[in-house]
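Asker: The structure's right below; bear with me while I get my questions together.
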Amino acid sequence: MIRNTRIDWSNFTKLRNEDTHCIEAAICNSCKSIIHSYSDKRFQNHRYSKIVINSFGYIMLHTPTERPFFVPDKRGEIHTPTERPLFVPDKRGESKIFFPKAGFAERKRICKGVPIKQYSECMQENRQNDDDRNMKKKNDCSSGLYNMSQIEYDSLEDVADLKVILNKKLAIRRESSFLEFVSALCKINFNYKPPSRQTLADSIIQSTSSVLLVDGWRNKSVNRKFLVFTLRNIHTPQTFLTFRDNSLEREDGESLAENINNAIHLAKTKYETNYVGGRFAKTFDNRALLQSTCSSHSGNLLIKQFVKDDFTKKNRDIISTFRDPKLESLLIRFGGTKLINYPDTRFCYVRDTCENLLKNLTFLQKISLLEDVYIPENILNDLFNTEFENYIINIINILTPICKLINQCQDPKFNVADSTELWLSLELLVEDSEEIVKSRIKKAVWPIGYAANFLQHKYKSLKLNNEDINIVESFIQDNLDPQYFNEYLIFCERRATFDPLAKKC
Numbered sequence: 044m045i046r047n048t049r050i051d052w053s054n055f056t057k058l059r060n061e062d063t064h065c066i067e068a069a070i071c072n073s074c075k076s077i078i079h080s081y082s083d084k085r086f087q088n089h090r091y092s093k094i095v096i097n098s099f100g101y102i103m104l105h106t107p108t109e110r111p112f113f114v115p116d117k118r119g120e121i122h123t124p125t126e127r128p129l130f131v132p133d134k135r136g137e138s139k140i141f142f143p144k145a146g147f148a149e150r151k152r153i154c155k156g157v158p159i160k161q162y163s164e165c166m167q168e169n170r171q172n173d174d175d176r177n178m179k180k181k182n183d184c185s186s187g188l189y190n191m192s193q194i195e196y197d198s199l200e201d202v203a204d205l206k207v208i209l210n211k212k213l214a215i216r217r218e219s220s221f222l223e224f225v226s227a228l229c230k231i232n233f234n235y236k237p238p239s240r241q242t243l244a245d246s247i248i249q250s251t252s253s254v255l256l257v258d259g260w261r262n263k264s265v266n267r268k269f270l271v272f273t274l275r276n277i278h279t280p281q282t283f284l285t286f287r288d289n290s291l292e293r294e295d296g297e298s299l300a301e302n303i304n305n306a307i308h309l310a311k312t313k314y315e316t317n318y319v320g321g322r323f324a325k326t327f328d329n330r331a332l333l334q335s336t337c338s339s340h341s342g343n344l345l346i347k348q349f350v351k352d353d354f355t356k357k358n359r360d361i362i363s364t365f366r367d368p369k370l371e372s373l374l375i376r377f378g379g380t381k382l383i384n385y386p387d388t389r390f391c392y393v394r395d396t397c398e399n400l401l402k403n404l405t406f407l408q409k410i411s412l413l414e415d416v417y418i419p420e421n422i423l424n425d426l427f428n429t430e431f432e433n434y435i436i437n438i439i440n441i442l443t444p445i446c447k448l449i450n451q452c453q454d455p456k457f458n459v460a461d462s463t464e465l466w467l468s469l470e471l472l473v474e475d476s477e478e479i480v481k482s483r484i485k486k487a488v489w490p491i492g493y494a495a496n497f498l499q500h501k502y503k504s505l506k507l508n509n510e511d512i513n514i515v516e517s518f519i520q521d522n523l524d525p526q527y528f529n530e531y532l533i534f535c536e537r538r539a540t541f542d543p544l545a546k547k548c
């Protein structure tokens with residue numbers, strides 16, 4: 044490797060070793076190929092090598108010396124113009140002998156070495172090969188296998204195998220499939236990115252070419268909350284559609300549904316899309332896409348019912364005050380831990396913030412009494428207020444079982460029956476919380492959830508009351524085929540015989 048020579052790195056990216064900080068290889072920005080033994084001459088050979096179609100329909104490889112040579116044939120042999128004549132089609136599609144870059148004497152000498160019989164046999168063989176390739180291409184097109192835009196080529200031999208370079212007729216060179224093949228060579232760097240696991244889990248993705256993605260985003264620099272809508276297409280990069288500033292709006296289901304409907308209307312006006320997401324089942328009443336994660340979203344809304352906005356603001360103010368480098372060092376010296384300002388995008392950020400604050404509350408009170416430390420008056424009132432401390436303990440007791448429920452519902456192995464059992468088993472040791480939990484259960488658990496829990500052997504419908512059983516029976520009557528309803532009644536009568544199966548569930 045020559046390191047003293049100046050190297051032109053245009054159209055190449057350096058690959059540096061993180062440990063030794065040495066350049067070990069280079070990657071081409073066009074074809075994404077990696078060159079390990081790099082040099083300026085090798086970069087030139089790689090940079091100026093390209094596939095060109097000349098006026099006679101040949102695909103040639105041009106080198107930096109601007110001297111063309113033809114792609115190897117099936118046997119791997121390269122035939123230059125001086126070795127043998129080329130059978131080139133004219134404008135009417137008829138093949139004629141052509142000698143590029145050869146004088147009259149050289150043409151005469153080459154013609155003497157090419158018998159007429161050999162020439163005619165070669166032409167007949169070439170025409171037969173062309174007909175066979177055309178027939179194969181048509182069959183591939185009819186079966187849906189011939190997609191030029193998704194083919195990737197690793198070497199020039201692949202080009203030669205797909206389209207035999209020598210002796211192409213003018214009619215074949217003007218076909219749309221051949222032109223698509225040439226354009227595909229220029230678009231090898233395909234920018235499609237695979238979707239996430241949750242997107243692949245939704246069956247609707249298989250029948251759509253574009254998807255509308257919805258996600259929340261917070262800009263900490265300007266302290267704003269946005270709802271961002273983007274489009275993902277299989278053939279183009281993702282496209283920004285629109286956004287909504289939700290800083291002044293409460294994050295509830297009605298506001299979210301309204302914003303999603305507006306984005307869907309805008310997307311369908313400009314593009315042909317369908318909506319796929321974790322809240323699709325809840326927003327559009329689609330039971331086919333119901334997941335246990337829908338229950339976790341309801342758990343997030345339940346947390347917001349118990350946590351007041353002014354309490355969250357007080358916690359943020361206390362943590363921001365003691366994040367000062369001097370106060371943070373004093374906190375660690377007194378035996379405490381760093382105060383973590385958890386992002387509000389985490390479902391359990393309020394509980395984690397309260398636990399962190401309660402663990403360091405005694406040390407914060409000691410630091411605030413030091414003479415050379417200034418703490419705002421409102422922060423001091425909260426630190427030494429017993430009601431504020433009791434409220435923190437109360438919030439931790441409320442949110443711990445809810446956060447546990449959300450965490451379990453987000454498990455991919457959890458199903459609708461499991462999430463229903465968790466919601467029906469949820470108990471909060473707080474006064475006046477029973478009615479709030481019951482109202483949230485009605486929104487979080489659907490009739491299909493009650494039915495799934497009722498039919499699950501390991502739960503035995505022990506958490507279901509008479510009202511829930513009536514919901515199950517009405518749901519089964521509406522959705523079950525009448526000819527199988529008698530079998531459902533037999534199952535209810537003989538349910539005790541299925542108890543041994545509960546251990547296997």
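Here this note's numbering is used: the first residue of the sequence shown is 44, the next is one more, and so on.
From the three backbone atoms N, C-alpha and C, an ideal C-beta is built for every residue, glycine too.
In this text, all values refer to a predicted model and were calculated from it rather than measured experimentally.
Give the DSSP-derived three-state secondary structure of Val480 in the structure shown.
Answerer: If DSSP states are grouped into helix, strand and coil, Val480 belongs with the helices.
Asker: Considering only their Cβ atoms, is the gap separating Leu370 from Ile410 smaller than 8 Å?
Answerer: The answer is yes: Cβ separation under 8 Å.
Asker: Mind checking who Lys57 pairs with in its DSSP beta bridge?
Answerer: Paired residue(s): Ala69.
Asker: In this structure, how does DSSP classify Gly259 when only helix, strand and coil are distinguished?
Answerer: Correct three-state label for Gly259: strand.
Asker: Leaving aside the five residues before and after His79 along the sequence, list all residues of the same chain whose C-beta is less than 6 Å from its C-beta, in chain order.
Answerer: Contacts found: Ala68.
Asker: Considering only residues of the segment 422 to 484, which uninterrupted beta strand (DSSP E) runs meet the minimum length of 3 residues and lie entirely inside it, listed in chain order?
Answerer: Counting whole runs of 3 or more residues, the segment 422 to 484 contains no beta strand (DSSP E) stretch at all.
Asker: Could you check which residue in Lys503, Leu505, Ser517, Val393 has the C-alpha nearest to that of Lys489?
Answerer: The amino acid occupying residue 489 in the given sequence is Trp; Lys does not appear at that position. Looking at the Cα atoms, Ser517 is the closest of the given residues.
Asker: Going by C-alpha to C-alpha distance, which of Glu297, Leu507, Asn302 sits closest to Leu270?
Answerer: If we check each option's Cα against that of Leu270, Asn302 comes out closest.
Asker: Examine the Cβ distances between the segment 464 to 473 and the segment 443 to 456 and report whether three or more of them are shorter than 8 Å.
Answerer: Verdict: yes, contact present.
Asker: Using the Cα positions of Ile375 and Thr396, report the straight-line distance between them to the nearest angstrom.
Answerer: One C-alpha to the other measures close to 17 Å.
Asker: Spatial neighbours of Leu507 within its chain, please: CB distance less than 8 Å, with the 5 preceding and 5 following residues excluded, ordered by chain position.
Answerer: The answer, listed in chain order, is Leu467, Tyr493, Asn496, Phe497, Val515.
Asker: Can you list, in chain order, the residues of its chain whose CB lies under 8 Å from that of Gln348, leaving out five sequence neighbours each side?
Answerer: Cβ within range, chain order: Ile479, Arg483.
Asker: Going straight from the alpha carbon of Phe365 to that of Asp511, what length do you get?
Answerer: Cα to Cα, Phe365 sits roughly 50 Å from Asp511.
Asker: What are the partner residues of Phe283, as DSSP defines its beta bridges?
Answerer: Beta-bridge pairing links Phe283 to Thr273.
Asker: Have a look at Ser504 and Arg267 and give me their C-alpha separation to the nearest angstrom.
Answerer: Spanning the two alpha carbons is a distance of roughly 46 Å.
Asker: If the criterion is Cβ atoms closer than 8 Å, does the pair Asp352 and Ile422 meet it?
Answerer: Their beta carbons are not under 8 Å apart, which means Asp352 does not touch Ile422 by this criterion.
Asker: At the level of alpha carbons, what is the spacing between Leu309 and Phe283?
Answerer: Rounded to whole angstroms, Leu309 to Phe283 spans 12 Å at the Cα level.
Asker: Where does Asp511 fall in DSSP's three states?
Answerer: Helix, per DSSP.
Asker: Using only the alpha-carbon positions, how far apart do Ala331 and Leu345 sit?
Answerer: The predicted position of Ala331 is uncertain, since its pLDDT is 43 and thus under 50; a value taken from the coordinates is nonetheless stated next. Their backbone Cα atoms lie some 25 Å apart in a straight line.
Asker: Who does Ile78 pair with in a DSSP beta bridge?
Answerer: Ile78 is bridged to Ala69.
Asker: How big is the Cα-Cα spacing for Val416 and Tyr392?
Answerer: Roughly 28 Å between the two C-alpha positions.
Asker: Quick one: what does DSSP say Asp367 is sitting in, helix, strand or coil?
Answerer: Of the three classes helix, strand and coil, the one that applies to Asp367 here is coil, per DSSP.
Asker: When burial is assigned at 16 or more other CB atoms within 10 Å of the CB, is Asp328 buried or exposed?
Answerer: With a pLDDT of 46 at Asp328, under the threshold of 50, the predicted position of this residue should be treated as unreliable, though the coordinate-derived value follows. The residue in question, Asp328, is exposed, as its Cβ has fewer than 16 Cβ neighbours within 10 Å.
Asker: By how many angstroms is the C-alpha of Gln499 removed from the C-alpha of Leu404?
Answerer: Between Leu404 and Gln499, the C-alpha separation is close to 46 Å.
Asker: Is it right to say Ala306 is buried, meaning 16 or more other beta carbons lie within 10 angstroms of its own, or is it exposed?
Answerer: The residue in question, Ala306, is buried, as its Cβ has 16 or more Cβ neighbours within 10 Å.
Asker: With C-beta atoms as the reference, is Phe55 less than 8 Å away from Ile70?
Answerer: It is a contact, given that the beta carbons lie within the stated cut-off.
Asker: Can the beta-carbon of Ile383 be found less than 8 Å from the beta-carbon of Asn358?
Answerer: The answer is no: Cβ separation not under 8 Å.
Asker: Is there at least one non-hydrogen atom of the ligand NAP closer than 7 Å to the beta-carbon of Thr364?
Answerer: Ligands displayed in this structure: none; no statement on the ligand NAP is therefore possible.
Asker: For Cys65, does the count of other Cβ atoms within 10 angstroms reach 16, so buried, or fall short, so exposed?
Answerer: The residue in question, Cys65, is exposed, as its Cβ has fewer than 16 Cβ neighbours within 10 Å.
Asker: When we look at the beta-carbon of Leu209 and count the other beta-carbons within 10 Å, is it buried (16 or more) or exposed?
Answerer: Unreliable placement is indicated for Leu209, whose pLDDT of 36 sits below 50; no coordinate value is reported for it.
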